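Engineer: The letter at position 110 of the sequence shown is residue 659 when you use the numbering used here, and the numbering goes up by one with no holes. Ideal placement from N, C-alpha and C gives every residue a C-beta, glycine not left out. This one's a predicted model, so the numbers in the text were calculated from it and none came from an experiment.
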Amino acid sequence: MGALHARLRNRIPTQMRRTLPLYLICVTLFIFVLYADVLGFGKAKPIVIKHIGSSGTRASTSRYHRPAEFPHKIWQTWKIDPYNFAQRDFETARTWTIKNPSWRYEVLTDNNDMLYVEEQYGPNGLNRPDIVDFYRILNTTIIKADLLRYMIMYVEGGVYADIDVEALKPATRFIPARYRAEDIDMVIGVEIDQPEFRDHPILGQKSMSFCQWTFMCKPRLPVMMRLIEGIMAWINDVAAAQNVPISDIELDFDEVINGTGPSAFTAAVLAEMNSLAPGEKITWDRFHAMDESKLVSRVLVLTVEAFAAGQGHSDSGNHDARGALVKHHYHASNWPSKHPRFSHPAYGEVERCNWNAECVRKWDENVETYKSLSAEEQQKKIAERKAEIDRQIEDARRMQEKAKQLEQLGLSLRKAEEERAKQEHNAIIDTLLRNYSPKGTNPQCKAQQQKHALRFKTLAESEGVLLLSPKALLEYNEDWSLKCKESLRAAK
């Protein structure tokens, strides 16, 4: 046996014999890595949904290909399709096609959103089954609405607008003439600019934010995937903390705002800005009290009046301003009813102050004083607030009833005025039929003139409009009578 080993060793070159152990080690490591997932080594257990699929969809800027232009697409999401929109929603939504007639327009609904997600993020799309499964399981409507807009904009790009946002200017106005589209990846606007409240326990996280009810971006932006994956991780953490499936989680107002809404959107955008600008720290201070738009890390930030005019805070101006691009009507913003804000039992919501410094200061003082009151005094304060709410409800009911009465009165007055004008019109025609005949009118012309007058009356009654003013009617009759006589004379 020893002799055989010696003969084999002599046949193998010395250099190969020296490197053979290294080859064996490399092969062993390769097999270990190849079967690591199967054997379960180093595999982290997911909370609910495991992130798998194409690594090319991860939030990374290094592999992002920047298109030169923004897609000419407008995206909206709503419960139902445009053919079944309520009149209010229809009138608001159609402004986008009116202002942008050459742009593509599409609405995803509660009936077709899942199909879209499966097509774009399934095996034939981005191959992200974790995202597809997460979206399918999620039941929280407002979270799905926020998540879907980010998913659409990652795949498609273009303009996103909430269904209750009216277009005041064409989307081409989103980028001022001094900028080039190829230098910009995203166009956003300031929503809330009240940094003086940054340390407030309730208002702080909402005091500085970009608007996400309208924005424009190019497709495949890493910041959109950063938002998508961040929301998934956050929801999984919430579900774990509440010890329920993600389909059964419960969230309050501030959790929604901070988890998927404007605060989350703002945090993701700032993080992306900083990732593209190493060596400098980009904070909200860069965007406070802006007088004009700024381009920062390929993100064009517009002033507050662009997308969020008329709020009554943040120096947002009004919708008549030249820089106002959209108008948010808020009629689709009823989600806080399912995710209520913090409401103090005696002093209500601090958000009702609408960022008024004196109002917020007084609310804070009242809440702090309330803590030192006896239980009996606290109940008295609560009863006073309830009585005030009841008065406000009653006042609102009376105002609504008064508005209804005024509307009915206006309809009655309008109908009375229309009836009076109609009677005056018919009186003139009746006068023509009975008495009016130009001097020397031929009997044949007079008979035809009466037929014309009767025709005017019939048309006026059937159409409900005044076809001619009384003066014009008389002039027409005079002119027609003269022409009739001339035609009879020519016939002779």
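Helix, strand or coil for Val587, going by three-state DSSP, please let me know.
Structural biologist: Here residue 587 is taken as the residue at index 38 of the sequence shown, counted from 1. For Val587, the predicted model reports a pLDDT of 42, less than 50, meaning its position is unreliable and no value from the coordinates is stated.
Engineer: Can you name, in chain order, every residue of its own chain whose Cβ lies under 7 Å from the Cβ of Ile798, other than the five neighbours on each side?
Structural biologist: Residue numbering aside, residue 798 sits at position 249 when the sequence shown is read from its first letter. Here the set comprises Thr689, Ile784, Val787, Ala788 and Gln791.
Engineer: Name the DSSP bridge partner or partners of Phe814?
Structural biologist: Along the sequence shown, read from residue 1 onward, the residue named residue 814 stands at position 265. DSSP output for Phe814 lists no bridge partner at all.
Engineer: Taking the alpha carbon of Ile1054 as the point to measure from, which residue in Lys876, Met948 and Arg969 has its own alpha carbon closest?
Structural biologist: Because residue 1054 is not part of the residues shown, which for the chain are 550 to 1041, the question remains open.
Engineer: Please go through the same chain and pick out, in chain order, the residues whose beta-carbon is closer than 8 Å to the beta-carbon of Glu745, but skip the five residues on each side of it.
Structural biologist: If you number the sequence shown from 1, residue 745 lands on position 196. Ser756 and Ala906, listed in sequence order.
Engineer: Do His862 and the ligand MN come close, with the Cβ less than 8 Å from some heavy atom?
Structural biologist: For the ligand MN, the structure offers nothing, since it holds no ligand at all.
Engineer: Would you mind working out which of Ala710, Glu618 and Ile692 sits nearest Lys887, comparing C-alpha positions?
Structural biologist: Within the sequence shown, the letter at position 338 stands for residue 887. The option with the nearest alpha carbon to Lys887 is Ile692.
Engineer: With Pro771 and Glu821 assumed to form a contact (beta carbons below 8 Å), what rounded beta-carbon distance in angstroms separates them?
Structural biologist: Counted from its first residue, the sequence shown places residue 771 at position 222. Counted from its first residue, the sequence shown places residue 821 at position 272. Their Cβ separation, rounded to whole angstroms, is 7 Å, which keeps Pro771 and Glu821 in contact under 8 Å.
Engineer: Can you pull the DSSP bridge partners for Met822?
Structural biologist: Mapped onto the sequence shown, residue 822 falls at position 273. Met822 is not bridged to any residue.
Engineer: What would DSSP say about Tyr896, mapped onto helix, strand or coil?
Structural biologist: For the purposes of this step, residue 896 is identified with residue 347 of the sequence shown, where counting begins at 1. Note: Tyr896 maps to coil in three-state DSSP.
Engineer: Among the candidates Gln743, Lys648, Gln636 and Gln941, whose CA atom is the shortest distance from the CA of Asp834?
Structural biologist: The residue you call residue 834 lines up with position 285 of the sequence shown. Asp834 has its Cα closest to that of Gln743, out of Gln743, Lys648, Gln636 and Gln941.
Engineer: Under the three-state reduction of DSSP, which class applies to Met757: helix, strand or coil?
Structural biologist: As a working mapping, residue 757 is identified with position 208 in the sequence shown. It is a strand residue.
Engineer: Taking the straight line between their C-alpha atoms, what separation do you get for Ala826 and Ala873?
Structural biologist: Residue mapping note: residue 826 aligns to position 277 of the sequence shown, counting from 1. Residue mapping note: residue 873 aligns to position 324 of the sequence shown, counting from 1. Cα to Cα, the separation comes out at about 30 Å.
Engineer: In its own chain, which residues sit with a C-beta less than 7 Å from the C-beta of Tyr728, not counting the 5 before and 5 after it?
Structural biologist: As a working note, residue 728 is residue 179 in the sequence shown. Excluding positions up to five away in sequence, the list reads Leu844 and Leu849.
Engineer: Any chance you could list the alpha helix (DSSP H) runs of at least 4 consecutive residues sitting entirely within the segment 611-645, in chain order?
Structural biologist: Fully enclosed alpha helix (DSSP H) runs of 4 or longer: not present.
Engineer: Give the straight-line distance between the Cα atoms of Ile938 and Asp944, rounded to the nearest whole angstrom.
Structural biologist: Here residue 938 refers to the residue found at position 389 when the sequence shown is read from its first residue. Here residue 944 refers to the residue found at position 395 when the sequence shown is read from its first residue. Going by the C-alpha atoms only, they are around 10 Å apart.
Engineer: Taking 8 Å as the limit between beta carbons, can you name the residues of its chain near Cys760, skipping five residues before and five after?
Structural biologist: Stepping through the sequence shown from its first residue, residue 760 is reached at position 211. Counting only Cβ-Cβ distances below 8 Å, and skipping sequence neighbours, we find Ile737, Gly738, Val739, Glu740, Pro811, Phe856 and Ala857.
Engineer: Under a Cβ-count criterion, where at least 16 other Cβ atoms within 10 Å of its own Cβ denotes burial, should Ser758 be classed as buried or exposed?
Structural biologist: Locating residue 758 in the sequence shown gives position 209, counting from the first residue. Under this definition Ser758 is a buried residue.
Engineer: Is DSSP giving Asp840 helix, strand or coil here?
Structural biologist: On the sequence shown, position 291 is the one that residue 840 refers to. If DSSP states are grouped into helix, strand and coil, Asp840 belongs with coil.
Engineer: For chain C, find out if any of its Cβ atoms is closer than 9 Å to the Cβ of Arg910; answer yes or no.
Structural biologist: Absent from the structure: chain C. Only one protein chain is present.
Engineer: Run through the segment 716-800 for me and flag every whole beta strand (DSSP E) of 3 or more residues, listed as ranges in chain order.
Structural biologist: If we require 3 residues or more, the beta strand (DSSP E) runs fully inside the segment 716-800 come out as 735-742, 757-759 and 763-766.
Engineer: Could you name the residues of the same chain whose beta carbon sits closer than 8 Å to that of Arg963, not counting the 5 residues immediately before and after it, in chain order?
Structural biologist: The count along the sequence shown starts at 1 and reaches residue 963 at position 414. Excluding positions up to five away in sequence, the list is empty.
Engineer: Run the CB neighbour count on Gln972, radius 10 Å, all protein chains shown included, and call it buried at 16 or more, exposed below.
Structural biologist: Taking the first residue of the sequence shown as position 1, residue 972 is located at position 423. So Gln972 ends up on the exposed side.
Engineer: Around the Cβ of Arg698, are there at least 16 other Cβ atoms within 10 angstroms (buried) or fewer (exposed)?
Structural biologist: On the sequence shown, position 149 is the one that residue 698 refers to. So Arg698 counts as buried.
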